[in-house]
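In the working numbering, the protein residues as written are -4 to 112.
Working notes, structure below.
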């Protein structure tokens, strides 16, 4: 009966050891899956943040280009209106008044754009 009892105890020890190893392996597998999921989510988040930053930069660049076009249009209109009627080859050279007027118009456009933002 002593051998039978020892065999039973030994069998339970082997079962316990296998179950313990299975639990350890399962924990390792779960940790690996969590790490994999975290890496995938971090990569997705990084891509989204990059796309958002790119979209924001593109929107800002478009806004700046639009403001620049407005400034150029205003400056050329100012130069056309302020140019003397009978001038010949020097009509492309802006006077100090034309430059100041164009600068004031650019500032007002810039202030208007800042208020919109």
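Cβ coordinates follow ideal geometry from the N, Cα and C atoms, glycine included.
All values reported here derive from a predicted model rather than from experimental measurement.
Can you tell me whether DSSP reads residue i as helix, strand or coil?
i, result
"residue 49", "helix"
"residue 90", "coil"
How close, in whole Å, do the beta carbons of residue i and residue j come, if the pair is a contact with beta carbons under 8 Å?
i, j, result
"residue 104", "residue 65", "5 Å"
Can you list, in chain order, the residues of its chain whose CB lies under 7 Å from that of residue i, leaving out five sequence neighbours each side?
i, result
"residue 99", "none"
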